[in-house]
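Following this line, the structure appears as structure tokens:
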């Protein structure tokens, strides 16, 4: 795994990361802008997402249609989205088209048309998204869990609500774009069949004179309800549980990640084995790490029929508590095999590497190489993970359920 | 990059695209069996059997299967469609032998009674999960109406009633009629040691009993019609629409996919500009699906209920206009650029390439390099697209709408 990751910070604060992968024909880029929904005003939730929708409706003199047609003719497979922390724009394409694609995205970041004439259409797009999410109970219960456990603003959903979206005006869009589409704290990563000196020159030319602006800090508020039930006339009851952990970048992050891996990675993991395989209680069950820069949490989900929901919650909580008693060597060996194979397989994907190095930079302000990660995984032992678990036993659970009946959440657990 | 193939004495085919520069090895059993091979009593058995394959064999318990798949760090799973069941694992090259052993072993599952009862509950939960998820059964209902009594109209998961009625014995009989080595293909892609692969597959599968399998591939008589299913708890309205399209060995399938991309891809298409970019719909797109002897264009629409009738009318106008006026050269070129770039991107991952190679071999009995795949799309002309519009009128379709609406304007 010989791997080089180049980094360069421009004077305006923009960080450029590049990982050459000359065995591929593709190249991919990821822009992470500090324009996440945590910066939405409370009464205008969904603003960042709305800006992201408007920003893609023409830029640099191109109309909305010319913008999309140009990218599609370059074969750019696009993705965009807004998380709590970032607005992201990513693309993967035949490597020869990277320069042209970056030029178009530089226009989006600096010279978006934000056409007032399309404000209503874009608002409708955002409203449709909110309504469609209402029909997806698994997504809804996890959105609510993040809000209950992580609190404002880091646990909020980027979509906003029908009530907050209609409060947004064209001036809000322009102001938020102007405030948050800035180079300070913005990360651009590229990976694939690329030439580093050339990428540096191109990006300097496109974004080197992008003007910075200081960002205002966000206000935090934790409002925890230990158990919340959302009544819903569904076939299944959707069970969601969260507890505190450590964030990405914490010295014990990989111990915590290892423990979650034992719970949820692979078909021999504890949740899959105990809830699905042994008892047939559900089709989908998982646990995943959630991280902001300074807080971490573990979020768990299972979807099950109403009459078996209580048993599913009980078994899930019992498994979470059993974790504190430690993990076994064979569980760790399997986890290491899975993680290592994922790391090596990432080298078949410019898109995957571009996303990984950008995320690393956000959390760590540096990029962990695959060799470094591999060494960290090798050094994980049951003792270090169990020590972490002894100090950080899963407890003080936040529980959210969505379905026909409320469940009993045992006292002393939540 | 080298393509290799061989057939074992018992009829099992092995095909591989060997790429020395790949980092991973993808392996899969493609079994030519699925919902179309079932009877009413056995509805859902192909999919249930796919689950049971992971529940143990004479050599392994269910725990052993799951544990060993994780021990080799595999990314593995399985899926069942109308006409095939695929079991796959992507591993690092050093685990090729162990992955072959495991996948081969689960192709001869024990179907133990106790595992069967537990797994039945998991399947029922899976059915409930889809009951709760958009488009709330519209897809299955539309397939059923479009294909009528033709087996392609069968529901893959089955129903709570049909799955509840399945027995290990019935499943065993189905297995004995479908899982013949000559009805299966072992496909490999990425970094593959082919000689070793053949040796190991022969070791585990060389003694399987071969028998003849049959499939009803009679012509599908497609139907048209409109059905509204009221689900008052849904917030959005969901519409699925199916029209006839080219089948899996028809060379016109490339033109059909390009046509669907021009008209109704989820970005940059006529549907996109009229329905999605304007905020009239949350989602509106059309794709092609090809089966043995029949093919379809399938449209999916999700929007606010009060806009559904108007949106459906707009879709009709867009399709009718394409039929009368055709599409432009610029639209075709853009669709070609988009699809060809996607083929190249997907080909870089052994785990994706596995399905392209396996799909082409099992459906068309051919191997296509990435370049040949790209060239096939580049060779399509405007005339080819117009021939599709003539042969397969997209306005003749079956429509199923699910959502809070109790009646649909323009439809009885």
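Chains as they are written, first to last, in our numbering: chain A, 1 to 414; chain B, 1001 to 1412.
Glycine included, C-beta positions come from ideal geometry on N, C-alpha and C.
All values derive from a computational prediction rather than experimental measurement.
Whether residue i touches residue j by CB criterion (8 Å)
| i | j | result |
| --- | --- | --- |
| residue 262 of chain A | residue 335 of chain A | yes |
| residue 1338 of chain B | residue 1230 of chain B | no |
| residue 1285 of chain B | residue 1300 of chain B | yes |
| residue 1253 of chain B | residue 1222 of chain B | no |
| residue 16 of chain A | residue 165 of chain A | no |
| residue 1190 of chain B | residue 1353 of chain B | yes |
| residue 1268 of chain B | residue 113 of chain A | no |
| residue 1036 of chain B | residue 1082 of chain B | yes |
| residue 1259 of chain B | residue 1311 of chain B | no |
| residue 52 of chain A | residue 80 of chain A | yes |
| residue 1308 of chain B | residue 1234 of chain B | no |
Buried or exposed (CB count within 10 angstroms, at least 16 for buried), residue i
| i | result |
| --- | --- |
| residue 396 of chain A | exposed |
| residue 403 of chain A | buried |
| residue 1013 of chain B | buried |
| residue 1169 of chain B | exposed |
| residue 1295 of chain B | buried |
| residue 1331 of chain B | buried |
| residue 1375 of chain B | exposed |
| residue 1080 of chain B | buried |
| residue 1329 of chain B | exposed |
| residue 201 of chain A | exposed |
| residue 1001 of chain B | exposed |
| residue 84 of chain A | buried |
| residue 205 of chain A | exposed |
| residue 1173 of chain B | exposed |
| residue 213 of chain A | exposed |
Three-state secondary structure assigned by DSSP to residue i
| i | result |
| --- | --- |
| residue 1242 of chain B | strand |
| residue 1002 of chain B | strand |
| residue 957 of chain B | Shown here, chain B extends from 1001 to 1412; a query on residue 957 of chain B therefore has no answer. |
| residue 1107 of chain B | coil |
| residue 1122 of chain B | helix |
| residue 133 of chain A | helix |
| residue 1156 of chain B | coil |
| residue 283 of chain A | coil |
| residue 1368 of chain B | coil |
| residue 209 of chain A | coil |
| residue 246 of chain A | coil |
| residue 19 of chain A | strand |
| residue 1077 of chain B | strand |
| residue 1247 of chain B | coil |
| residue 326 of chain A | coil |
| residue 275 of chain A | helix |
| residue 77 of chain A | strand |
Straight-line Cα distance separating residue j from residue i
| i | j | result |
| --- | --- | --- |
| residue 1347 of chain B | residue 169 of chain A | 44 Å |
| residue 1104 of chain B | residue 1248 of chain B | 27 Å |
| residue 1018 of chain B | residue 1095 of chain B | 16 Å |
| residue 393 of chain A | residue 144 of chain A | 23 Å |
| residue 389 of chain A | residue 318 of chain A | 15 Å |
| residue 65 of chain A | residue 377 of chain A | 47 Å |
| residue 76 of chain A | residue 93 of chain A | 5 Å |
| residue 1033 of chain B | residue 381 of chain A | 45 Å |
| residue 480 of chain A | residue 1039 of chain B | Since the first residue of chain A shown is 1 and the last is 414, residue 480 of chain A is not available in this structure. |
| residue 348 of chain A | residue 230 of chain A | 42 Å |
| residue 1381 of chain B | residue 316 of chain A | 57 Å |
| residue 63 of chain A | residue 125 of chain A | 18 Å |
| residue 375 of chain A | residue 332 of chain A | 15 Å |
| residue 130 of chain A | residue 155 of chain A | 17 Å |
| residue 371 of chain A | residue 337 of chain A | 15 Å |
| residue 1266 of chain B | residue 91 of chain A | 16 Å |
| residue 1061 of chain B | residue 407 of chain A | 34 Å |
| residue 293 of chain A | residue 367 of chain A | 15 Å |
| residue 1164 of chain B | residue 1043 of chain B | 10 Å |
| residue 1210 of chain B | residue 1010 of chain B | 6 Å |
Integer Cβ distance of residue i from residue j, believed to fall under 8 Å
| i | j | result |
| --- | --- | --- |
| residue 1132 of chain B | residue 234 of chain A | 5 Å |
| residue 39 of chain A | residue 180 of chain A | 6 Å |
| residue 161 of chain A | residue 237 of chain A | With 8 Å as the limit, residue 161 of chain A and residue 237 of chain A do not qualify as a contact, their Cβ atoms being about 24 Å apart. |
| residue 350 of chain A | residue 191 of chain A | 5 Å |
Contact test: residue i Cβ vs the ligand SAH heavy atom, cutoff 7 Å
| i | result |
| --- | --- |
| residue 1039 of chain B | Inclusion of the ligand SAH in the displayed structure is not the case, the ligand content being empty and no account of it being possible. |
According to a CB-to-CB cut-off of less than 7 Å, which residues of the region 1249 to 1269 of chain B neighbour chain C?
Considering every chain present, this structure includes no chain C. Its protein chains are A and B.
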